[in-house]
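In the order they appear, the protein sequences are chains A and B.
Last residue of the first sequence? That's 58 in our numbering, and every number before it is there in order.
Last residue of the second sequence? That's 395 in our numbering, and every number before it is there in order.
Worksheet: one structure, shown below.
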Amino acid sequence: MKKWECVVCGFIYDEAEGWPEDGIPAGTAWADVPDDWVCPDCGVTKDDFEMVEI
Amino acid sequence: MAAPIIIIGSGLAGFNTIKEFRRHDTTTPVVMLTADDGQNYSKPMLSTGFTRNKAADELVMATVDKLKEQFDVDLRTHTVVTGIDVDAKQVSLDNGDTLAYSKLVLANGAKVFEPPLKGSGLDAVYTVNNLMDYRRFREALEGKKRVVIVGSGLIGTEFSNDLTNGDFQVHVVEPAGRCLPTFLPEEASLAVSGALSELGVTFHFGPFAQEVEKLDHGVRVHLSDGATIDADVVLSAVGLQPNIDLAKAAGLEVNRGVKVDKFLRASHPDVFALGDCAEVEGHVLLYVLPLMAAARALASTLAGTETAVKYPAMPITIKVPACAVACAPPPLGLEGRWEVEQDGHHVKALYYDTQDQLRGFALTGDAVKERMALGKQLPDLF
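In structure tokens, the structure reads:
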């Protein structure tokens, strides 16, 4: 399980936790997050996230 | 050849507009004019730079050359727009040139309020509102330890946490009597300042910072209650105001920001505005989420498909790792009441109007996990 960080606002997507509020279950790999999902804090798309070391 | 689209400003609003526009249209020429150095960075990351120990150059996401190529944009740096002629559809520049446009986008952001300080030590007072400011501020802190922050709004509070994480000794002066006064009810403010105090931040709630006196080493900040704080550097964070002067001088309608409708269109049909300089259907929101929504809608409109932006309620995350904060302040002046649940630094405060509708909230600590669910219960702004 990895964590991904939004380079615009610093929001962290944690694969272990998913993002159930948008229907993304815990344990969802970043690759399986839908392409139209946007950062909950700032609204940027998946393209603007990058992987953070865990 | 047809005149280009001109975008004034190279912040998140300007760059996201060109980025989204190029998804629709790869041929129309676009000129971007910026008073800054034009490097692409994300402003929210300026207030986490000491925690991450990032030099200014490390916050650059793309250089000017790369941006020109990536977005096929004629990006002109260190270029100040001195006037707009909305009838002739041209802008004038500080080098004396004029430049015609087909459509004009104002994305020139907000400026910081001038620090209300006097004294012999004003050279040690900094503001951080862009990457060039950040670079100067970091250089000023090189080898130094003591920082006084004037103001405990969003930026002042984020920096108090960030600078403390960066091993600085931080004092915060806030006349309002508590931190984040325009964002949070008192219980939540106290949770945040309590957590920051435990981290090592010293708060001075109540007095104004009045004078900065130059000493042989550093400066002495004089407060209105007679107290003094010795420091190396002062960071002024007393708020932002939309840049409206250019639009106002051009005869465009302005209020707090440049007035635009839900199509981001100003009072002249070929002029648009978004981001921190814009007042969209009466709302001035200096945050990234509304800016992104506006950039997408505007890009589509510029490409020929009139598209209105929608503003749902957009909770604000304030980056205070010592005590996470998410909030959606209730509309100003709305009659209602706060209902507060608290467990240590974890505060859940909900604002209900007289019809018992949820109209705002403030969450700290673990309670921030509920921000999405609560945000969906709030009515749309428009």
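Ideal Cβ positions, reconstructed from N, Cα and C, are used throughout, including at glycine.
Cross-chain neighbours of T90/B in chain A, by beta carbon under 8 Å: Going along chain A, no residue has its Cβ under 8 Å from T90/B, so there is no contact; the nearest lies around 21 Å.
Does the beta-carbon distance from G257/B to V273/B come in below 8 Å? Looking at the sequence provided, one finds Ile at residue 257/B rather than Gly. Result no, Cβ atoms of I257/B and V273/B do not sit closer than 8 Å.
Just verifying my parser: in three-state terms, what is the DSSP assignment at H296/B? strand
Neighbour flag for G14/A against chain B, beta carbons, 8 Å: yes
If you follow the alpha helix (DSSP H) that Q83/B is part of, which residue opens it and which one closes it? V77 to F84
Can you find a heavy atom of the ligand HEM that lies under 7 Å from the Cβ of S115/B? Summarising the ligand content, the structure contains no ligands, and the ligand HEM is consequently not present.
The alpha helix (DSSP H) that contains D243/B, what's its start and end? First-last for D243/B: T241 to A244, but that is the beta strand (DSSP E), not the alpha helix (DSSP H).
Return the bridge partner residues of S165/B from the DSSP annotation. Answer is none; S165/B lacks a bridge partner.
Identify the contact partners of G31/A in chain B, using a Cβ-Cβ distance below 8 Å as the criterion. By Cβ distance, chain B contributes nothing, its closest Cβ being about 17 Å from G31/A, past 8 Å.
Short check: CB of G22/B to CB of G122/B, under 8 Å? yes
Chain A within 8 Å of L338/B, Cβ atoms only: Strictly speaking, residue 338/B in this sequence is Val, with Leu absent from that position. No, because no Cβ of chain A sits closer than 8 Å to the Cβ of V338/B.
In whole angstroms, give me the CA-to-CA distance for V247/B and A208/B. A straight line joining the alpha-carbon of V247/B with that of A208/B spans about 22 Å.
Please confirm whether T61/B has its beta-carbon closer than 8 Å to some beta-carbon of chain A. yes
Check whether the segment 333-352 of chain B and the segment 167-179 of chain B touch, using three or more Cβ-Cβ pairs below 8 Å as the test. yes
Taking just the CA atoms, how far does V301/B sit from P128/B? Roughly 25 Å between the two C-alpha positions.
For the segment 279-309 of chain B, which residues have a CB atom closer than 7 Å to at least one CB atom of chain A, in sequence order? V301, L302, M305 and A306
Using three-state DSSP, classify Q390/B as helix, strand or coil. helix
I'd like to know if G67/B contacts chain A, where contact means its C-beta is closer than 8 Å to some C-beta of that chain. The displayed chain sequence assigns Lys, not Gly, to residue 67/B. Answer no: the Cβ-Cβ gap between K67/B and chain A never drops below 8 Å.
Check the Cβ of S55/B against every Cβ in chain A and list those closer than 8 Å, keeping chain order. For S55/B, the chain A residues whose Cβ falls inside 8 Å of its Cβ are V11, V12 and C13, in order along the chain.
What residue from G231/B, H230/B and E224/B has the CA that sits closest to D238/B's CA? E224/B
For R148/B, which residues in the same chain have their Cβ closer than 7 Å to its Cβ, ignoring the five residues on either side in sequence? A69
G373/B, enclosing beta strand (DSSP E) - first and last residue: L371 to T377
Collapsed DSSP secondary structure at V273/B in the structure displayed: Secondary structure of V273/B (DSSP, three-state): strand.
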